[in-house]
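Number of protein chains: 2
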Amino acid sequence: MDMARFIALAMASLTLGLSGQASDIDRIRMEGLRQPHAQSLLRELTKGVGPRLSGSPGAAKAVDWGVARMKALGFVNVHLVPCKVPHWVRGKAESVSMSIGDRKVPLSACALGGSVATPRRGITSEVVEVQSLEEAAALGSRAKGKIIFYNRPFDPTLVNTFSAYGGAVDQRSQGAVAAAKVGAVAVLVRSMTLSQDDAPHTGAMNYQDGVKKIPAAALSAKAANMLSASLKSRPVVVQMKLNCQTLPDADSASVAGEIRGTTFPDEIIVMGGHLDSWDLGEGAHDDGAGIVQSMEALSILKRLNMAPKRTIRVVLFMNEENGLRGGRSYADLKKAEKHIAAIESDAGGFAPRSFGVTGSESQLAKVQSWLPDLKTVGIERVDKGGGGADIGPLGARGTVLIGLVPEGQRYFDVHHSRNDVFEAVHPRELQLGAIAMAMLAWRLSEEGI
Amino acid sequence: MDMARFIALAMASLTLGLSGQASDIDRIRMEGLRQPHAQSLLRELTKGVGPRLSGSPGAAKAVDWGVARMKALGFVNVHLVPCKVPHWVRGKAESVSMSIGDRKVPLSACALGGSVATPRRGITSEVVEVQSLEEAAALGSRAKGKIIFYNRPFDPTLVNTFSAYGGAVDQRSQGAVAAAKVGAVAVLVRSMTLSQDDAPHTGAMNYQDGVKKIPAAALSAKAANMLSASLKSRPVVVQMKLNCQTLPDADSASVAGEIRGTTFPDEIIVMGGHLDSWDLGEGAHDDGAGIVQSMEALSILKRLNMAPKRTIRVVLFMNEENGLRGGRSYADLKKAEKHIAAIESDAGGFAPRSFGVTGSESQLAKVQSWLPDLKTVGIERVDKGGGGADIGPLGARGTVLIGLVPEGQRYFDVHHSRNDVFEAVHPRELQLGAIAMAMLAWRLSEEGI
Numbered sequence: 006m007d008m009a010r011f012i013a014l015a016m017a018s019l020t021l022g023l024s025g026q027a028s029d030i031d032r033i034r035m036e037g038l039r040q041p042h043a044q045s046l047l048r049e050l051t052k053g054v055g056p057r058l059s060g061s062p063g064a065a066k067a068v069d070w071g072v073a074r075m076k077a078l079g080f081v082n083v084h085l086v087p088c089k090v091p092h093w094v095r096g097k098a099e100s101v102s103m104s105i106g107d108r109k110v111p112l113s114a115c116a117l118g119g120s121v122a123t124p125r126r127g128i129t130s131e132v133v134e135v136q137s138l139e140e141a142a143a144l145g146s147r148a149k150g151k152i153i154f155y156n157r158p159f160d161p162t163l164v165n166t167f168s169a170y171g172g173a174v175d176q177r178s179q180g181a182v183a184a185a186k187v188g189a190v191a192v193l194v195r196s197m198t199l200s201q202d203d204a205p206h207t208g209a210m211n212y213q214d215g216v217k218k219i220p221a222a223a224l225s226a227k228a229a230n231m232l233s234a235s236l237k238s239r240p241v242v243v244q245m246k247l248n249c250q251t252l253p254d255a256d257s258a259s260v261a262g263e264i265r266g267t268t269f270p271d272e273i274i275v276m277g278g279h280l281d282s283w284d285l286g287e288g289a290h291d292d293g294a295g296i297v298q299s300m301e302a303l304s305i306l307k308r309l310n311m312a313p314k315r316t317i318r319v320v321l322f323m324n325e326e327n328g329l330r331g332g333r334s335y336a337d338l339k340k341a342e343k344h345i346a347a348i349e350s351d352a353g354g355f356a357p358r359s360f361g362v363t364g365s366e367s368q369l370a371k372v373q374s375w376l377p378d379l380k381t382v383g384i385e386r387v388d389k390g391g392g393g394a395d396i397g398p399l400g401a402r403g404t405v406l407i408g409l410v411p412e413g414q415r416y417f418d419v420h421h422s423r424n425d426v427f428e429a430v431h432p433r434e435l436q437l438g439a440i441a442m443a444m445l446a447w448r449l450s451e452e453g454i
Numbered sequence: 006m007d008m009a010r011f012i013a014l015a016m017a018s019l020t021l022g023l024s025g026q027a028s029d030i031d032r033i034r035m036e037g038l039r040q041p042h043a044q045s046l047l048r049e050l051t052k053g054v055g056p057r058l059s060g061s062p063g064a065a066k067a068v069d070w071g072v073a074r075m076k077a078l079g080f081v082n083v084h085l086v087p088c089k090v091p092h093w094v095r096g097k098a099e100s101v102s103m104s105i106g107d108r109k110v111p112l113s114a115c116a117l118g119g120s121v122a123t124p125r126r127g128i129t130s131e132v133v134e135v136q137s138l139e140e141a142a143a144l145g146s147r148a149k150g151k152i153i154f155y156n157r158p159f160d161p162t163l164v165n166t167f168s169a170y171g172g173a174v175d176q177r178s179q180g181a182v183a184a185a186k187v188g189a190v191a192v193l194v195r196s197m198t199l200s201q202d203d204a205p206h207t208g209a210m211n212y213q214d215g216v217k218k219i220p221a222a223a224l225s226a227k228a229a230n231m232l233s234a235s236l237k238s239r240p241v242v243v244q245m246k247l248n249c250q251t252l253p254d255a256d257s258a259s260v261a262g263e264i265r266g267t268t269f270p271d272e273i274i275v276m277g278g279h280l281d282s283w284d285l286g287e288g289a290h291d292d293g294a295g296i297v298q299s300m301e302a303l304s305i306l307k308r309l310n311m312a313p314k315r316t317i318r319v320v321l322f323m324n325e326e327n328g329l330r331g332g333r334s335y336a337d338l339k340k341a342e343k344h345i346a347a348i349e350s351d352a353g354g355f356a357p358r359s360f361g362v363t364g365s366e367s368q369l370a371k372v373q374s375w376l377p378d379l380k381t382v383g384i385e386r387v388d389k390g391g392g393g394a395d396i397g398p399l400g401a402r403g404t405v406l407i408g409l410v411p412e413g414q415r416y417f418d419v420h421h422s423r424n425d426v427f428e429a430v431h432p433r434e435l436q437l438g439a440i441a442m443a444m445l446a447w448r449l450s451e452e453g454i
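Structure representation (structure tokens):
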């Protein structure tokens, strides 16, 4: 597409709503677009701090960064909200390979978060491929001593990638338990992605009391395809060695900072994401994006010297990925405070498309009444239902929960993998989400909910 | 974001509309999602054919590819629609550098499409920076013998990137004429992008009868920033050498193929994009995406053995970028045929967000009534106004014009530059656009407009 032919078209779809004096909402948008800082914050968090799995030195560094950065941005009441977190470490890089005749073919793999290690010499066993937990259970004694390979891919007919994820992730989260129950010695799980590259995607897995803990690793989509193709013609033996372990719970914390409300300081609006990330990649989309959008949203108001009626607080939650301890401890330790609403961004730093609201019908309607503001930065809808994992525990006490929903087609290409790096985040898409959050927080602070 | 916590959220925002027997629209979506072919078509066009500027061997190869591919897909009445096209060639790579004292600093640059060459020895002259055509005109005699450097960036406060483009592109299209009128010897133009990398973006520029033709090149955003910073402290001399030339108009053609209508075969619905591209990059988003989406959309119907009531025709238009000769010749040579509607995709292969419709209010309302179908693949709105450059000439005869509008934040990062390659196109985002077009063409064929 070229030339001025499209000016008319473009202008027609532009809604500025400027008329004489700039409204508060216009000022927020203009500041956010003219002086975008979300990307530079993200660079600090991803390139400066790096990956930050709960309990790791990276996570501790991220906490320090959050405190220092919030103070530098001029937020007040910057403080830690302590929590104990699981402390799982990957150890020396894992190795997985398959033997085809005399040939040994390496398979791109990574231990799942929370997995036990293999014995030091590794596990070498025949592989059985299944498509579901039910199929694994049905193997019965045929699974004994084998490695079970869960290979059900994302359902490609689901346009919503989170639905596709939701429809496949039981293999990762519960596959080891189902396999151990029928006597398998380990599990391999196809990565939770629709993309076809060679990056394995990690993520949390669970054990169950009374069921043997067996090692669990994710295979890249490419490795899963290779293994599956090989299994079609003959039995395949896989060697796998995982060096991970779970250490005692570690001390950690979420980080909070705010602008104090002028009229109703005791009514709090939270904006947040999670500070921890998986150890592969840099946690850029998951959830560096949500962290820096929350900070940038509040910083926009601060830079404009806007004084909200209610307190707007940014919370960088610790340990969403493998425990949710930060979200739980926050709700618990802050239960004396009145949280009227909480906004979370934890679905990637892509172009914002909608907000989802969990609250009463009248609360939903109120947020929907602000849609004309939000449309100016690309929000198309305010839907019923939504929120975020970290703010979830606040919901039990009547806090309205709101989740930012960005364009989702690329999210699971990067999610929990080495692909989740700074460079995969588009600066304008990231910033538009921050501005939308600032607008929403401002409306909540001025009008209540 | 992690785990099954979000299944509920994801399911809530999913609209499948399945109930017993699959509707035509459901079958289109399911086929498109299960057997996506847009990406493999795009690979053929970008990696197999490559760049395809009008008049080039690449463009001729693209025409051959279009014919062969449409036949292989089972389309009928596959034929060429001839046109004469401008034939501009870049020649040996251009070089632009600035002298700061004794130091010569290379500036990443490319000739603008249609530019004349510099003299063989190049042009060496002092640079004057301006922000607009008006500022260039106001230079008067001070511009004599100088190189005028247009450096007005995209307006960052415009969320719609096409609006930002529309607000800056006069520098590229008309800058040389304005500069020549005040005696300048050449122009440099900041690339039409909001990104900050070192890739120069080409694009069409114009001359005017009676005004001297002076050479014109684009600087990358980085080079423009560097040059502008240098100019702040002292005069800067730039050397530039362009080796481009305009050859006599060449014979070329658009390519058409179709599924014939069963009930009203003489009523035609066109789907298309443009087959030509700029010579930098691979023309993947601009407009390989539109080409393969159109072909894939019709191919989905063909694979399902769906027999449309009206004829659905794919047209791969030649020469959108620097002449629009294909769009004009098509409208002219096909004027005896009744075109009831035309759909164009030429805004990048990103996730689809809306359709824009140019037609009567009742025609718009009819397309809007199909929104529930389109929503299932991510189309949020059907707006008034829109279309595409290539189908524009059909509009004069009452054809309803419809443009696919994808998410736009990344488009001008790649547009007309070496960044516009196959790898920058996301396979699912591309495919969703193709499915949306197939649904829309099907509704048009069954219900008319």
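Protein sequence lines, in the order shown, are assigned to chains A and B. Numbering-wise (our numbering), the first sequence opens with residue 6 and increments by one. Numbering-wise (our numbering), the second sequence opens with residue 6 and increments by one. Even glycine gets a Cβ: it sits at the ideal position worked out from N, Cα and C.
Comparing alpha-carbon positions, which option in the options lies nearest residue i?
{"i": "A/K279", "options": "A/N230, A/R433 and A/R333", "result": "Checking the sequence, you will find His at residue 279 of chain A rather than Lys. Measuring from the Cα of A/H279, the nearest candidate turns out to be A/R333."}
{"i": "A/P205", "options": "A/K218, A/K217, A/A191 and A/S225", "result": "A/S225"}
{"i": "B/L376", "options": "B/L50, B/L449 and B/M276", "result": "B/L449"}
{"i": "A/Q271", "options": "A/E342, A/L236 and A/D292", "result": "In the sequence as displayed, the identity of residue 271 of chain A is Asp instead of Gln. Nearest C-alpha to A/D271: A/E342."}
{"i": "B/A182", "options": "B/A221, B/T162 and B/S59", "result": "Residue identity differs from the one stated: residue 182 of chain B is Val in this sequence, not Ala. Nearest option by C-alpha distance: B/A221."}
{"i": "B/M442", "options": "B/A185, B/A122 and B/R34", "result": "B/R34"}
{"i": "B/P158", "options": "B/E140, B/G119 and B/T198", "result": "B/T198"}
{"i": "B/A169", "options": "B/T268, B/D418 and B/T251", "result": "B/D418"}
{"i": "B/K2", "options": "B/A223, B/E385, B/E36 and B/V194", "result": "No answer is possible for residue 2 of chain B: the residues shown for chain B start at 6 and end at 454."}
{"i": "A/E326", "options": "A/R358, A/S359 and A/D292", "result": "A/D292"}
{"i": "A/S102", "options": "A/M75, A/A77 and A/S130", "result": "A/S130"}
{"i": "B/A73", "options": "B/Q373, B/K314, B/F427 and B/A261", "result": "B/A261"}
With DSSP as the reference, please indicate the residues paired to residue i in a beta bridge.
{"i": "B/K151", "result": "B/K151 is not bridged to any residue."}
{"i": "B/F269", "result": "B/R315"}
{"i": "A/R195", "result": "A/L224"}
{"i": "A/Q26", "result": "Answer is none; A/Q26 lacks a bridge partner."}
{"i": "B/K380", "result": "Answer is none; B/K380 lacks a bridge partner."}
Spatial neighbours of residue i within its chain, please: CB distance less than 6 Å, with the 5 preceding and 5 following residues excluded, ordered by chain position.
{"i": "A/A189", "result": "A148, K151 and I153"}
{"i": "A/F355", "result": "P411, E412 and E434"}
{"i": "A/R423", "result": "A204, L285 and G286"}
If you count every other CB in all the chains shown that lies within 10 Å of the CB of residue i, and 16 or more means buried, which is it?
{"i": "B/V319", "result": "buried"}
{"i": "A/G180", "result": "buried"}
{"i": "A/S200", "result": "buried"}
{"i": "A/R39", "result": "exposed"}
{"i": "B/P124", "result": "exposed"}
Please go through the same chain and pick out, in chain order, the residues whose beta-carbon is closer than 8 Å to the beta-carbon of residue i, but skip the five residues on each side of it.
{"i": "A/S146", "result": "V187 and G188"}
{"i": "A/V54", "result": "G63, K66, A67 and W70"}
{"i": "A/R402", "result": "A336, K340 and H344"}
{"i": "A/N211", "result": "G119, S178, Q179, A181 and V182"}
Under 7 Å between beta-carbons, which chain A residues line up against residue i? List them in chain order, please.
{"i": "B/M35", "result": "T162"}
{"i": "B/A356", "result": "E412 and Q414"}
How would you list, in chain order, the residues of chain B whose beta-carbon sits under 7 Å from the beta-carbon of residue i?
{"i": "A/H431", "result": "Q414 and R415"}
List, in chain order, every chain B residue whose beta-carbon is nearer than 9 Å to that of residue i.
{"i": "A/E301", "result": "Chain B residues near A/E301: none, gap ~15 Å exceeds 9 Å."}
{"i": "A/R39", "result": "P161 and T162"}
For residue i, which residues in chain A fall below 8 Å Cβ to Cβ?
{"i": "B/E434", "result": "Q414 and R415"}
{"i": "B/E385", "result": "R358, E385 and R386"}
Give me, in chain order, the residues of the same chain whose beta-carbon lies closer than 7 Å to that of residue i; leave out the 5 immediate sequence neighbours on both sides.
{"i": "A/D254", "result": "K89, V90, P91 and H92"}
{"i": "B/T20", "result": "Because B/T20 sits at a pLDDT of 42, beneath the cut-off of 50, its placement in the model cannot be relied upon, and the point is left open."}
Run through chain A and tell me which residues come within less than 9 Å of residue i, C-beta to C-beta.
{"i": "B/T51", "result": "Neighbours of B/T51 on chain A: none; closest Cβ ~17 Å, over 9 Å."}
{"i": "B/T381", "result": "V164"}
Note down, in chain order, every chain B residue with its Cβ under 8 Å from the Cβ of residue i.
{"i": "A/L199", "result": "R433"}
{"i": "A/L437", "result": "V164 and Q414"}
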